[in-house]
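S.K.: Residue numbers (my numbering), protein chains in the order written: chain A, 783 to 1003; chain B, 4 to 294.
We put the beta carbon where it would ideally sit given N, CA and C, even for glycine.
Take a look at the following structure, please.
So, in structure tokens, the structure goes:
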């Protein structure tokens, strides 16, 4: 894959995203996994943002990401019926039955997924103030939700095995420290998208960990 | 067919066997005071799920078309339930009483499975060891370490603080942790994604053509070992840490979004057939020659 071809493709990315797809660009797209991955990411962001802006309803991709996370966390399981039914049932019927910390974990995952989608960098020319505002508006609710979930989770956590409980607490402290350092980096350099990615990663890790702890509080194992 | 030989407490196992003879048509159970042995006939590609929160889980492949479960309990305060449902065998250890001390609940489980078995393992503390199993595998632990040897298939491993080691693994590997260290030795995988926050990551394996290797941590050391004949495209970025490289890389032939932040290294070794992506927040990245 020559440098010119990729550069050329990236130079025409705007047109590509608007549906203008000449033969050479399509040929390059077929043969270049990196450019395909980039376009895939941009399409995801585009679709998700459109859905959020117009309908205030996450796109199927967001639901798919949420569903994958819920499956991974064991909060839902695939049955013979489609996942949409399972998820709908889970949301509709068990909302009142599921313990609050478990719900909080799932809710956080959803929030983070949506938060990442809406706060993705819109362009390289955004100014610092916009970056700060954008980052704060997406992270403050997450941070508050995580604090609430942490309180609920810690209070409901049953100590079956002190080794396991100590490990959970120790790793929660590690993730909290990770979040604090990433927040500091983002605050010092608001346009640093790498630091912001690490911050969202850290929030995601905390949500995952709290969900795991919630399950232990729920089933005692 | 469904069998459910359960051993709630050693005093009752004989009664259990008397009640369940019809259900044991394709399985056999024998037990001593703290040891349970069970056999389950299975077909090709069986699924084996193991939930053993406290104690070690050891899984080995053998040539028989059956699953053998050997459970060694610390006390009779813990029950071992093993159940076959079609071509799936579920093994669960659970406390008999809620007041049991953690050390009384320890159970070490050894399982022999056909090599094409699919495994789903959950273990909180203790350890997980799997060798020579070629089916897909999902392992989740809290503090327990996970050691895989000669595994293949789609391998997903998630720990909170447990370490992970994979020797001669193939297939697709996805591993994540918060503070666990990872060692990937003589790996022959076409896709590796390894992410830990504060743990170290060592990759000393083969770089297969068209394969992707993504190693990421927050702090700690990422170390990748290579031979001069290896062929890969390298991208190594540490936002606040250092990047050390011993590979004689050609300038990147492919467009990269050069980061404006941190220390980054991009380049190609030989024809760049594999893709190696290393990233850290404030950890050190070492790309070193293999000894």
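Report the rounded CA-to-CA distance for residue 951 of chain A versus residue 79 of chain B, giving the unit in angstroms.
M.R.: Indexing the first chain from 1 puts residue 951 of chain A at position 169. Indexing the second chain from 1 puts residue 79 of chain B at position 76. Taking the straight line from one Cα to the other gives about 30 angstroms.
S.K.: Whose C-beta lies closer than 6 angstroms to the C-beta of residue 274 of chain B among residues of the same chain, with five residues either side of it excluded?
M.R.: Here residue 274 of chain B is taken as the residue at index 271 of the second chain, counted from 1. Closer than 6 angstroms at Cβ, skipping near neighbours: 234.
S.K.: For a minimum of 3 consecutive residues, which ranges assigned as the beta strand (DSSP E) are wholly contained in the stretch 77-157 of chain B?
M.R.: Correct list: 81-88, 91-98, 110-117, 121-126, 128-134, 140-144, 149-152.
S.K.: DSSP has residue 198 of chain B in a bridge; who is on the other side?
M.R.: Counting from 1 along the second chain, the entry for residue 198 of chain B is found at position 195. Looking at the DSSP assignment, residue 198 of chain B forms a beta bridge with B:179, B:219.
S.K.: Please state whether DSSP places residue 162 of chain B in a helix, a strand or coil.
M.R.: If you number the second chain from 1, residue 162 of chain B lands on position 159. In the structure shown, residue 162 of chain B sits in coil (DSSP, three-state: anything other than H, G, I, E or B).
S.K.: Under 8 angstroms, Cβ to Cβ, is there at least one residue of chain B near residue 989 of chain A?
M.R.: Here residue 989 of chain A refers to the residue found at position 207 when the first chain is read from its first residue. By this cut-off, residue 989 of chain A is not an interface position.
S.K.: Rounded to the nearest angstrom, how far is the Cβ of residue 212 of chain B from that of residue 276 of chain B, given a contact under 8 angstroms?
M.R.: For the purposes of this step, residue 212 of chain B is taken as residue 209 along the second chain, with counting starting at 1. For the purposes of this step, residue 276 of chain B is taken as residue 273 along the second chain, with counting starting at 1. Confirmed, about 4 angstroms.
S.K.: Could you check where the beta strand (DSSP E) with residue 814 of chain A kicks off and where it finishes?
M.R.: Position 32 of the first chain, counted from the first residue, corresponds to residue 814 of chain A. Counting along the chain, residue 814 of chain A falls outside any beta strand (DSSP E), and DSSP gives it neither H nor E.
S.K.: Measure the Cβ-Cβ separation of residue 222 of chain B and residue 201 of chain B and say whether it is below 8 angstroms.
M.R.: Residue 222 of chain B sits at position 219 when you count from the first residue of the second chain. Residue 201 of chain B sits at position 198 when you count from the first residue of the second chain. Against a cut-off of 8 angstroms, the Cβ pair of residue 201 of chain B and residue 222 of chain B comes out as a contact.
S.K.: Taking the beta strand (DSSP E) that residue 289 of chain B belongs to, which residues open and close that run?
M.R.: On the second chain, position 286 is the one that residue 289 of chain B refers to. Unbroken beta strand (DSSP E) run through residue 289 of chain B: 287-292.
S.K.: On the DSSP bridge assignment, give the partners of residue 75 of chain B in chain order.
M.R.: Walking along the second chain from the start, residue 75 of chain B turns up at place 72. Residue 75 of chain B is bridged to B:38, B:111.
S.K.: If you check the beta carbons only, do residue 95 of chain B and residue 118 of chain B fall under 8 angstroms apart?
M.R.: On the second chain, residue 95 of chain B is found 92 positions in, with the first residue counted as 1. On the second chain, residue 118 of chain B is found 115 positions in, with the first residue counted as 1. Against a cut-off of 8 angstroms, the Cβ pair of residue 118 of chain B and residue 95 of chain B comes out as no contact.
S.K.: Does residue 59 of chain B pass the burial test, meaning 16 or more other C-beta atoms within 10 Å, or should it be called exposed?
M.R.: Here residue 59 of chain B is taken as the residue at index 56 of the second chain, counted from 1. Looking at its Cβ environment, which holds 16 or more other Cβ atoms inside 10 Å, residue 59 of chain B is buried.
S.K.: Mind listing which residues of the stretch 47-67 of chain B have their C-beta closer than 9 angstroms to chain A's C-betas, in chain order?
M.R.: The residues in question are 54, 56, 57.
S.K.: Of the choices B:181, B:176, B:73, B:107, whose alpha-carbon is the least far from that of residue 61 of chain B?
M.R.: Here residue 61 of chain B refers to the residue found at position 58 when the second chain is read from its first residue. The candidate whose alpha carbon is nearest that of residue 61 of chain B is B:73.
S.K.: Tell me which same chain residues have a C-beta within less than 7 angstroms of the C-beta of residue 153 of chain B, skipping the five on either side of it?
M.R.: Working through the second chain from its first residue, we reach residue 153 of chain B at position 150. Cβ neighbours of residue 153 of chain B beyond the five flanking positions: 134, 135, 171.
S.K.: Return the CA-CA distance between residue 20 of chain B and residue 81 of chain B, expressed in angstroms with no decimal places.
M.R.: As a first step, residue 20 of chain B is located in the second chain; it is residue number 17 there, counting from the start. As a first step, residue 81 of chain B is located in the second chain; it is residue number 78 there, counting from the start. At residue 20 of chain B the pLDDT is 37, less than 50, meaning the model places this residue with poor confidence and gives no usable figure here.
S.K.: I need the straight-line Cα distance from residue 779 of chain A to residue 77 of chain B, nearest angstrom please.
M.R.: This structure cannot speak to residue 779 of chain A, because chain A is shown only from 783 to 1003.
S.K.: Starting from the beta carbon of residue 105 of chain B, find every residue of chain A whose beta carbon is closer than 8 angstroms, and list them in chain order.
M.R.: Sequence index remark: in the second chain, residue 105 of chain B carries index 102 (1-based). Simply 942, 943, 944, 945.
S.K.: Hey, how far is the Cα of residue 184 of chain B from the Cα of residue 97 of chain B?
M.R.: If you number the second chain from 1, residue 184 of chain B lands on position 181. If you number the second chain from 1, residue 97 of chain B lands on position 94. If you take the alpha carbons of residue 184 of chain B and residue 97 of chain B, they lie about 29 angstroms apart.
S.K.: I'd like the span of the alpha helix (DSSP H) that includes residue 274 of chain B, first residue to last.
M.R.: In the second chain, the residue the question calls residue 274 of chain B occupies position 271. Unbroken run through residue 274 of chain B: none, as it is neither H nor E.
S.K.: Have a look at A:791, A:983, A:967, A:918 and flag the residue whose alpha-carbon is nearest the alpha-carbon of residue 819 of chain A.
M.R.: In the first chain, counting from the first residue as 1, residue 819 of chain A sits at position 37. Measuring from the Cα of residue 819 of chain A, the nearest candidate turns out to be A:791.
S.K.: Cα separation between residue 217 of chain B and residue 68 of chain B?
M.R.: In the second chain, counting from the first residue as 1, residue 217 of chain B sits at position 214. In the second chain, counting from the first residue as 1, residue 68 of chain B sits at position 65. So the two alpha carbons sit approximately 37 angstroms from each other.
S.K.: Using a beta-carbon distance below 8 angstroms, is residue 194 of chain B in contact with chain A?
M.R.: Here the question's residue 194 of chain B lines up with position 191 in the second chain. It does not; no Cβ of chain A falls within 8 angstroms.
S.K.: Within 10 Å of its beta-carbon, does residue 801 of chain A have 16 or more other beta-carbons around it, so buried, or fewer, so exposed?
M.R.: Residue mapping note: residue 801 of chain A aligns to position 19 of the first chain, counting from 1. Counting Cβ neighbours within 10 Å, residue 801 of chain A comes out exposed, since fewer than 16 surround it.
S.K.: Going by CA-CA distance only, name the one from A:824, A:828, A:978, A:796 that's closest to residue 962 of chain A.
M.R.: On the first chain, position 180 is the one that residue 962 of chain A refers to. The candidate whose alpha carbon is nearest that of residue 962 of chain A is A:978.
S.K.: Kindly indicate which three-state DSSP category residue 213 of chain B falls into: helix, strand or coil?
M.R.: Translated into the one-based positions of the second chain, residue 213 of chain B becomes position 210. Coil, per DSSP.
S.K.: Contact criterion: CB-CB distance below 8 angstroms. Does residue 163 of chain B meet it with respect to chain A?
M.R.: For the purposes of this step, residue 163 of chain B is taken as the residue at position 160 of the second chain. Closer than 8 angstroms to some Cβ of chain A, the Cβ of residue 163 of chain B qualifies, so yes.
S.K.: Among residues of its own chain, excluding the 5 on either side of residue 186 of chain B, which ones have a beta-carbon nearer than 6 angstroms to its beta-carbon?
M.R.: For the purposes of this step, residue 186 of chain B is identified with residue 183 of the second chain, where counting begins at 1. Hits under 6 angstroms: 168, 205.
S.K.: Going by DSSP, which residues form a beta bridge with residue 63 of chain B?
M.R.: Looking up residue 63 of chain B in the second chain gives position 60. According to DSSP, residue 63 of chain B bridges with B:115, B:134.
S.K.: Ignore the nearest five residues each way along the sequence and tell me which others in residue 161 of chain B's own chain have a CB closer than 6 angstroms to its CB.
M.R.: Here the question's residue 161 of chain B lines up with position 158 in the second chain. Contacts found: 143, 179.
S.K.: Starting from the beta carbon of residue 242 of chain B, find every residue of chain A whose beta carbon is closer than 9 angstroms, and list them in chain order.
M.R.: Counted from its first residue, the second chain places residue 242 of chain B at position 239. Those are 967, 974, 976, 977, 980, listed as they occur along chain A.
S.K.: Cα-Cα, which of B:283, B:227, B:247, B:252 is closest to residue 294 of chain B?
M.R.: Position 291 of the second chain, counted from the start, is the residue given in the question as residue 294 of chain B. Comparing Cα-Cα distances from residue 294 of chain B to each of B:283, B:227, B:247, B:252, the minimum goes to B:227.
S.K.: Using only the alpha-carbon positions, how far apart do residue 7 of chain B and residue 54 of chain B sit?
M.R.: Reading the second chain from its first residue, position 4 is the one you call residue 7 of chain B. Reading the second chain from its first residue, position 51 is the one you call residue 54 of chain B. With a pLDDT of 48 at residue 7 of chain B, under the threshold of 50, the modelled position of this residue cannot be trusted, and the question is left open.
S.K.: Taking only beta carbons into account, state which residues of the stretch 201-222 of chain B come closer than 7 angstroms to chain A, listed in chain order.
M.R.: Here the close residues are 201, 221.
S.K.: Count the other C-beta atoms from every protein chain shown that fall within 10 angstroms of the C-beta of residue 48 of chain B, then say buried if there are 16 or more, exposed otherwise.
M.R.: Position 45 of the second chain, counted from the start, is the residue given in the question as residue 48 of chain B. Exposed, since its Cβ has fewer than 16 Cβ neighbours within 10 Å.
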